[in-house]
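J.: Once you've had a glance at the structure underneath, I'll fire off some questions.
Protein chains: 4
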Amino acid sequence: MSGIKAAIVGASGYSGEELIRLLLRHRHCQIGVITSRQYDGKAVETVFPRFAGSGLVFSNPDIKQIAEQCQVAFLALPHGLAGEFAIPLLDAGLKVIDISADFRLRSTAKYQEYYKTEHPAPDLLKKAVYGLPERYREKIKSADMIACPGCYPTSIILAAAPLLESGLVSTKGIISSSISGVTGAGRKVDLPFIFPECNESVRAYSVSGHRHLPEIEQELAVAAGISELAINFIPHLAPVNRGINSTVIMDAEPECTIDKIAEAYHNAYHRERFVRVLPHGKLSDTKYVTMTNVCEIGFTLDKHTSKVIVTSTIDNLTKGASGQAIQNMNIRFGFDESEGLL
Amino acid sequence: MSGIKAAIVGASGYSGEELIRLLLRHRHCQIGVITSRQYDGKAVETVFPRFAGSGLVFSNPDIKQIAEQCQVAFLALPHGLAGEFAIPLLDAGLKVIDISADFRLRSTAKYQEYYKTEHPAPDLLKKAVYGLPERYREKIKSADMIACPGCYPTSIILAAAPLLESGLVSTKGIISSSISGVTGAGRKVDLPFIFPECNESVRAYSVSGHRHLPEIEQELAVAAGISELAINFIPHLAPVNRGINSTVIMDAEPECTIDKIAEAYHNAYHRERFVRVLPHGKLSDTKYVTMTNVCEIGFTLDKHTSKVIVTSTIDNLTKGASGQAIQNMNIRFGFDESEGLL
Amino acid sequence: MSGIKAAIVGASGYSGEELIRLLLRHRHCQIGVITSRQYDGKAVETVFPRFAGSGLVFSNPDIKQIAEQCQVAFLALPHGLAGEFAIPLLDAGLKVIDISADFRLRSTAKYQEYYKTEHPAPDLLKKAVYGLPERYREKIKSADMIACPGCYPTSIILAAAPLLESGLVSTKGIISSSISGVTGAGRKVDLPFIFPECNESVRAYSVSGHRHLPEIEQELAVAAGISELAINFIPHLAPVNRGINSTVIMDAEPECTIDKIAEAYHNAYHRERFVRVLPHGKLSDTKYVTMTNVCEIGFTLDKHTSKVIVTSTIDNLTKGASGQAIQNMNIRFGFDESEGLL
Amino acid sequence: MSGIKAAIVGASGYSGEELIRLLLRHRHCQIGVITSRQYDGKAVETVFPRFAGSGLVFSNPDIKQIAEQCQVAFLALPHGLAGEFAIPLLDAGLKVIDISADFRLRSTAKYQEYYKTEHPAPDLLKKAVYGLPERYREKIKSADMIACPGCYPTSIILAAAPLLESGLVSTKGIISSSISGVTGAGRKVDLPFIFPECNESVRAYSVSGHRHLPEIEQELAVAAGISELAINFIPHLAPVNRGINSTVIMDAEPECTIDKIAEAYHNAYHRERFVRVLPHGKLSDTKYVTMTNVCEIGFTLDKHTSKVIVTSTIDNLTKGASGQAIQNMNIRFGFDESEGLL
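Chains as they are written, first to last, in the numbering used here: chain E, 1 to 342; chain L, 1001 to 1342; chain P, 2001 to 2342; chain B, 3001 to 3342.
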């Protein structure tokens, strides 16, 4: 198992920083190229002092250079731009692992509805595999183009899919009330995200029509074996750096019991290294997953209202973005799935 | 309008501290007696340096002394103890404003179910008025015993009651996903509440059967004009000192529209000084209500799922406890309702 | 004592917000005009929802309008601009209370050295009184132009001046290691101040040559009765919204004792409502002064090194800016000094 | 290089948790025994859910069992207890790496003065090597008993020693104003450390006579080549989980220049993997070192007062405790010094 080289395209944000942090520790993949238009020519350590000594330098993205030097490219770009890089890099034989939103939705109509722009590369979309290893590992093994899930969707799909698949909960009336840390907004310099506006503040936002909604609905429908379902996804912002908690509330079907829920999760995840299902009665906490690639799941059955209540926590930058991207790379290249992630 | 004197019974916690802060600013009510078994004989400023210069000294609670010196008593005691003080103080002619949970539930059976102990004073319960001024102002005007609502219930009832009353939402399937700051747990010295266990942590707790649940259900049933309803109340803890955000999700009835929701809130609250309903599309934020007695409400109608989504934020120690207690006192004694609260 | 009207010029930042908060509670001063170029025409509550119901609307600054409607103007502008408003408003007979840095330094040379620009109004400088009531109350009583101290200087001067004045500490080798919350940087939208860059971060900045340095040195020299002294002022940023702690370290003179230090503070502050000197051995804490106009001082004498160590905490937006501005207005207009500030 | 087994004695606190985190990633050292009286028999994951899947179980400390199974023991005990374990474990041939304070001070008199108890094992003290690799690497290579430095001392000694050694700063008048996160207080359940008492609070404490003071003075005297010196060490608490910033202020000797300072640091640290000296003008920030074993140093020379000002940041749990302990183990056992620490 010889080593490979990776390009990180668009590495100036928090997902890029997390990719660097994790890849510097990876034994089989080195960072070959690291791009940022904004910081072209600057040492990475001038932007992220944490990486002093790495010798890494940002360059302008150059497809030819990437293609020559790397076997895999991570795209950490704003939506709408991934196709521009993915197509030529795939043509050049690289594997592409996209952290943006462009290749997650199978429906170009949904993409257009939620992203307010035509899909930039509908042909490529057909090739893309949804990069949630716990659900699509077999496809990821041979995929050339992997679209990593959004952070919220990762937490919600991992929580709900096994129960939908086993028919223990209704496909109707699912609600996810989610809370995210502020890195979820990116390294964005905008008034609502300066410290005094976020600290000592708890607030909901985009409670109707958030861009992650269609992605969640798509994957829950797949799990339920139906063509469509509609949920409420209600995100909140809390003053932590990292971490998402999704509390998913679902109607229990009549035959649903605590034991059956536990069994469904056990079947789904007992071989998974990055999903930790807590014993019944314990709830998850973001502080136990931050800086890890783990999704922690707690559950209960509320008899009072016949609801299944599941809490699912991840680090939005790790399992919710860059850690999962590396997990996908490990699967695709035949490395140990947890390489660089422990 | 001459001044009165108040006793604060059990003043060593955060609700007690907030009562002191607000009463020191009140023009018609002075603090006459302030009790704490733990700090008996200590100057209040040794516990709360903020109140240096107040001259206040904690004493052991002494019903006779309180009765002689005060016209009103605020009880900020753990549940189960309020009756012990309330009964003799009422007999002595004082008005009693209870911040504990003992007199909020009309059903002693529910009390026993949720508090795991027999109700300590069922006779007194019948006299107690639920101290949510926006709902019970007329009764509060002549009540001798006022049971202030819990913090979570205040935020949720103010959000949901007008819509239930006007029939715009279903009485079934109501969910409140709430997030509280850590003072909500009291000034409790316990491992889960030390700083490193709360900071950089977001977590759900008591997602089924929280003690505030029956209180919320009781009042929402009243608003809906039915005898009983069941909801899901799902509290979370976030690393802020003060503030609760409740996101309440309700099924819209067919005739429900944005305009009708706005109208229902307008009718309920346009004369209220401590409820601020935001224009449609704006959501509330705890940071705009902390250190105030205001409940801020934002709302939307999600057409995708026919849900009404309401966010309701308060300061758990002010509108959620001590501020509301003073608002009740102001009403009862004929002071300006906002005295000491602006 | 009839009421007056105030203008707040440049009210879109955190000092402006704090001025509004405090003036809305003031019984003898109403807000007459409130200006912001950026938000001209917008209701104040669209920017600061906390002030819903106030009816306040931002307008473009118009000197004639201010002069006609107001008796006092608070200037909360970036440095360099205060003179432009102060001169015509003073000519029109208003009292001007400036929160900017323009009129704090008596030496125009120092101003130029630290602010990298010529002083905009040297003539006016001569009239300005340094608005630290505990040191200049008599002058403030008749001043037309009051230059409010900076936040750090307020905390440091109040800590050190009494000891310098009484000769208990050396004028040489004074060091203030100060820590500020992030509102100290203003409502500035800049990468170093977004939440994830400040949260879980502690850092020093401008450790040599901070703009508040000459102001501190000027006032400590006055206290010591000498023409000049040099100190080290070392600011740090910590993830809190409000609050400054200055730990001031001074060489004890041979005759210095704990009792003499206590006596010096007693003499300086025992009649002051907004300075709280703690008993020996207790240190101050920002959490006991935030949202108040109080400066809390703790002290000790380290025999090991013969240093006097004083901790001095304030709320940077209240005693460090807008609260002190109102305290100055109260003094100038003969209101109770604590009006609006309790 | 075959693997070894380690015991963690007293693993229920934050240092213990950090040792587990780091050792689980170490390729040449496994955790053999992990003790906690409080949690005897409990799976480690019930206390620290982060370590689910590790299979680790707390046991009561049993010297015989440790001696049989392990080659190295990390002691993470309260002061006064280390000797009790260290002596028999050393007799049994293990290497002992102590994180407590018991073997840091060479003078038993100083120990008694600061810890208010007689030294528990003065004979062993003579054998102990001070475990700061950047200063004592050669001795650590063959030490059987390694006393890891305190967190504050690590940050301060690394900042000051090179400048004292090269004579660029005076040995008199050194001041360290340090700020620590709350894990520095341990996993202690005590009122001053609950969330609402720490959040939105900045405060100094133990400004005279902190227990880390004699340790710092001892090592700075060694660096300066003198028998004794006295400094001021002034710790503060800020609301972050992890991280220490020490701002060290020293009198520049006449010949001191920026270049000479840079050279002194270069000579001391250019081969060190865990000390990062920033270019002149940049200051360190705790956020760039948390969760790493790095000490980041920034410096400047203030000409105004002829002071050298150095900022030095570490993660108090990593370089300040458990990371450094592992670095010492790596050195002692001939592993790569950064094994498990990148």
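Don't be surprised by glycine CBs; every beta carbon is placed ideally from N, CA and C.
Does the beta-carbon distance from asparagine 1293/L to glycine 1334/L come in below 8 Å?
T.: No, they are not a contact pair.
J.: Mapping the DSSP letters down to three states, classify threonine 1154/L as helix, strand or coil.
T.: Correct three-state label for threonine 1154/L: helix.
J.: With distances taken from CA atoms, which of Thr2318/P, Arg2332/P, Leu2220/P, Ser2338/P is nearest isoleucine 2020/P?
T.: The option with the nearest alpha carbon to isoleucine 2020/P is Thr2318/P.
J.: Can you give, in chain order, each stretch of the alpha helix (DSSP H) that sits fully within the region 3118-3171 of chain B and has at least 4 residues?
T.: 3122-3127, 3133-3141, 3151-3165, all fully within the region 3118-3171 of chain B.
J.: Closest to histidine 1210/L by C-alpha separation, out of Gly1298/L, Ile1146/L, His1236/L, would be which residue?
T.: When only C-alpha atoms are compared, the closest one is His1236/L.
J.: Kindly indicate if chain L contains any beta-carbon less than 8 Å away from that of methionine 2001/P.
T.: Residue placement at methionine 2001/P cannot be trusted, given a pLDDT of 48 that sits under 50; what the coordinates show is reported in the next sentence. Output row for methionine 2001/P: interface = no.
J.: How is glycine 2083/P classed by DSSP in three states: helix, strand or coil?
T.: Three-state DSSP puts glycine 2083/P in a helix.
J.: Span of the beta strand (DSSP E) holding phenylalanine 1335/L?
T.: Run containing phenylalanine 1335/L: none; DSSP gives neither H nor E here.
J.: Quick check: what's the CA-CA separation for isoleucine 1174/L versus methionine 1145/L?
T.: One C-alpha to the other measures close to 30 Å.
J.: Hey, would you say leucine 3163/B sits closer than 8 Å to isoleucine 3261/B, going by beta carbons?
T.: Contact: yes.
J.: Could you check whether tyrosine 114/E and proline 214/E sit closer than 8 Å to each other, using their CB atoms as the reference points?
T.: Cβ distance < 8 Å, so proline 214/E and tyrosine 114/E count as in contact.
J.: Anything in chain E within Cβ reach of aspartate 2190/P, meaning under 9 Å, just list it in chain order.
T.: Simply Val189, Ile194.
J.: At the level of alpha carbons, what is the spacing between arginine 104/E and leucine 24/E?
T.: Taking the straight line from one Cα to the other gives about 27 Å.
J.: For proline 3346/B and threonine 46/E, I'd like the C-alpha separation in whole angstroms.
T.: Absent from the model: residue 3346/B. The displayed extent of chain B is 3001 to 3342, so no value can be given.
J.: Name the residues in the region 221-255 of chain E whose C-beta lies less than 8 Å from a C-beta of chain P; which are they?
T.: Of all residues in the region 221-255 of chain E, Pro239, Val240, Asn241 have a Cβ within less than 8 Å of some Cβ in chain P.
J.: Let's see if you can read the secondary structure: which residues bound the alpha helix (DSSP H) around alanine 3268/B?
T.: Unbroken alpha helix (DSSP H) run through alanine 3268/B: 3258-3269.
J.: Mind checking methionine 1/E: buried by the 16 CB within 10 Å criterion, or exposed?
T.: The predicted model places methionine 1/E with a pLDDT of 48, which falls under 50 and marks its position as unreliable; any figure quoted below should be read in that light. Looking at its Cβ environment, which holds fewer than 16 other Cβ atoms inside 10 Å, methionine 1/E is exposed.
J.: What residues match up with cysteine 2029/P in a beta bridge as DSSP calls it?
T.: In DSSP, cysteine 2029/P forms a bridge with Ile2004/P.
J.: DSSP beta-bridge partners for arginine 242/E?
T.: DSSP lists no partner for arginine 242/E.
J.: So what does DSSP say about cysteine 3295/B, is it helix, strand or coil?
T.: The answer is strand: DSSP assigns cysteine 3295/B an E or B state.
J.: What did DSSP end up calling alanine 1052/L once you bin it into helix, strand or coil?
T.: Coil at alanine 1052/L, not helix or strand.
J.: Going by the beta-carbon positions, is the gap between alanine 1321/L and cysteine 1151/L smaller than 8 Å?
T.: Yes, the pair counts as a contact, with Cβ atoms nearer than the cut-off.
J.: Using 8 Å as the threshold, is the region 50-61 of chain E in touch with the region 90-99 of chain E, meaning 3 or more CB pairs across them?
T.: Touching, no.
J.: Between alanine 1325/L and phenylalanine 1074/L, which are expected to be in contact by the criterion C-beta below 8 Å, what is the C-beta distance as a whole number of angstroms?
T.: Rounded, the Cβ-Cβ distance is 6 Å, consistent with contact.
J.: Could you give the distance in angstroms between the alpha-carbon of alanine 1268/L and the alpha-carbon of leucine 1124/L?
T.: Approximately 30 Å, taken between the alpha carbons.
J.: If we count the other Cβ atoms within 10 Å of its Cβ and call it buried at 16 or more, is histidine 212/E buried or exposed?
T.: It counts as buried.
J.: Taking Cβ to Cβ, would you say valine 2207/P is nearer than 8 Å to valine 2308/P?
T.: No, Cβ-Cβ distance for valine 2207/P and valine 2308/P is not below 8 Å.
J.: Which residues of chain E have a Cβ atom closer than 8 Å to the Cβ of methionine 3291/B, listed in chain order?
T.: Residues of chain E passing the Cβ test: Met291.
J.: Decide yes or no for the touch test of the region 2248-2266 of chain P against the region 2183-2201 of chain P: beta carbon pairs closer than 8 Å, at least 3 of them.
T.: The region 2248-2266 of chain P vs the region 2183-2201 of chain P: no contact.
J.: I'd like the span of the beta strand (DSSP E) that includes serine 1178/L, first residue to last.
T.: Run containing serine 1178/L: 1175-1180, per the beta strand (DSSP E) assignment.
J.: Let's see if you can read the secondary structure: which residues bound the beta strand (DSSP E) around alanine 2073/P?
T.: From DSSP, the beta strand (DSSP E) with alanine 2073/P extends over 2072-2075.
J.: Hey, could you find the ends of the alpha helix (DSSP H) lysine 1110/L is sitting in?
T.: That run of the alpha helix (DSSP H) goes 1108-1115.
J.: Could you name each continuous beta strand (DSSP E) segment of 3 residues or more that falls completely within the region 195-250 of chain E, going from the start of the chain to the end?
T.: List check, beta strand (DSSP E) in window: 232-237.
J.: Write down the C-beta distance between valine 3248/B and serine 3312/B rounded to the nearest angstrom, noting that I regard them as a contact closer than 8 Å.
T.: Rounded, the Cβ-Cβ distance is 7 Å, consistent with contact.
J.: Give, in chain order, every residue of the region 259-277 of chain E whose Cβ lies closer than 7 Å to some Cβ of chain B.
T.: Going along the region 259-277 of chain E in chain order, one finds Arg276 with a Cβ nearer than 7 Å to chain B.
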